[in-house]
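Single-structure report; data block below.
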Amino acid sequence: MLAASRIIRPRMTRDLLPSLHLPAPPQRILLIKPSALGDVVHALPVLNLLKRRWPEAQVSWLIGSAFAGLLEGHPQLHEVIRFDRDRFASAWWNPAALIELARFGRDLRRRHFDLVIDLQGLLRSGFTTGIARSPLRVGFANAREMAWLFYTHRVPVESSELHALDRYLLVAEALGCGREPIEFIFAVDDEDRAAAQRLTRDVDRYAVLIPGTNWATKRWPIEHFAALVAPLRDRFGLQAVVAGSRREADLASQIPGAINLAGQTNLRHLVALLERADLVIANDSGPMHIAAALGRPLVTMFGPTNPVRTGPWNRDDSVVRVAIPCSPCYSRRCSHTSCMKWLTTSAVLDVVEQQLRASGDASIPVHGVVTA
């Protein structure tokens, strides 16, 4: 039984939170959101709201090195600060890493941030917030691993079931930036778009398949992805293009008949590739959230994770899942993964057709009929 229409979200209060008192408009702001890719995407509207509220402020973003490419060159950022998580994690036993961490903290303090915002809410990000020594350090009241100890101001979160983006907007609201507009601005230019077009061999219409994800239990069977290639071509006139990281190249090679771009795109090229896609079919993953933010027709398969928390924001119609008692379980290990295996290609293709019809693109044939 498909449960895409049964996603129930917690009620969001529309009462505005009291704004935090700022003695003066901040001139230097540090936004801490080092990972993961989807969460970084969800934090982009907060950056936009900060710049709308304080257009003259210099905003820096602390991010993990693996995701820095998504932000470098961003028109609303003054600086991207790379954070080498693996390197600094060894600081407790590696003297060289400890010295590097001390230098990193000193460099943060030298920037004299007026405001530091921790959207990660874990011990490491809380500690980083503290060593910046800003007079105003803001984070979530329910931050995990006692990260809240490092904040001067703690923003209450009304429900543990809130979507990540809705939680981030609570911080923006508390800072007097409001909750709207929700805009996702990416650092993509014409060179990135030209590179994506070359990679797709100048194919006019294509569907991007994203079979990879960071949990094995979130992965829709690769043979199901492979079974989509022919109907996407024959029913919808779309060439299948597979995207993913280098470590997913072997997985992508199991989808014959598709253009395999796994490991051939950087993050900016990936955004450009998704930006031009007529359709995106993806597991619960960071690239899926990019596609949702770009407003592309999207189908995403969910099983062990909860689309209320981590699904495509405001795109419940794109989620397809099987309603079984053990889903969502939030487990990275499972002996049967029935929630994904029982999700059929025909169910996914039904949502594909719904998404393409809703997109209003009259040139896409559906079951041999050009939609008006």
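Under the numbering used here, the first residue of the sequence shown is numbered 1, with each subsequent residue one higher.
Where is the CB? At the ideal position from N, CA and C, for every residue including glycine.
Here the structure is a predicted model, which means the values were calculated and not measured.
Exposure of residue i, with buried meaning 16 or more beta-carbon neighbours within 10 Å
i	result
V352	buried
P304	buried
K33	buried
T13	Confidence in T13 is poor, its pLDDT being 46 and thus under 50, which makes the residue's placement too unreliable to answer from.
M288	buried
N260	buried
Y206	buried
E161	exposed
D118	buried
P211	buried
M340	buried
A358	exposed
I29	buried
Which listed residue (the options) has its alpha carbon closest to that of residue i
i	options	result
V208	A243, I182, S335 and P221	A243
E183	L108, L356 and V46	V46
Q49	H112, A164, R198 and A172	A small correction: the amino acid at residue 49 is Leu; Gln does not occupy that position in the sequence shown. Looking at the Cα atoms, A172 is the closest of the given residues.
A230	P304, A132 and P256	P256
W313	R268, T128 and G295	G295
P307	H224, L165, A187 and H336	L165
Q239	S253, W215, A277 and A291	A277
D107	D202, R52 and L62	L62
V348	D189, S125, H224 and R357	H224
I324	S318, I131 and H336	H336
L114	E100, L22, A258 and P221	Per the sequence shown, residue 114 should be read as Asp rather than Leu. For the residues E100, L22, A258 and P221, the minimum Cα distance to D114 belongs to L22.
G263	S245, V116 and G178	S245
P25	R332, K51 and I222	K51
D84	P55, L251 and S35	S35
D250	G130, R154 and I222	I222
H112	I99, P135, N94 and V40	P135
V203	W220, G237, D190 and W215	G237
First and last residue of the uninterrupted beta strand (DSSP E) at residue i
i	result
G139	L136 to F140
Q239	Q239 to V242
V116	L115 to D118
Q58	Q58 to G64
R28	R28 to I32
V299	L298 to F302
Inter-residue CB distance, residue i and residue j (contact presumed, cutoff 8 Å)
i	j	result
A272	R193	5 Å
T217	C326	Actually they do not touch by this definition, with Cβ atoms about 11 Å apart.
D284	T213	6 Å
A57	Q27	6 Å
E79	S65	The pair is not a contact, with the Cβ atoms about 15 Å apart (cut-off 8 Å).
M301	L343	6 Å
R133	T152	About 11 Å; that fails the 8 Å criterion.
R268	G69	6 Å
Where the alpha helix (DSSP H) containing residue i begins and where it ends
i	result
Q354	T345 to S359
Y206	No alpha helix (DSSP H) holds Y206; the beta strand (DSSP E) holding it covers Y206 to I210.
A230	V229 to F236
A293	G286 to A293
A249	A249 to A252
Reduced DSSP category for residue i - H, G, I as helix; E, B as strand; rest coil
i	result
S338	helix
R333	coil
E180	coil
E79	strand
H153	strand
V188	coil
Cβ-heavy atom distance, residue i to the ligand GDP, below 8 Å
i	result
L209	Here there are no bound small molecules, and the ligand GDP is not part of this structure.
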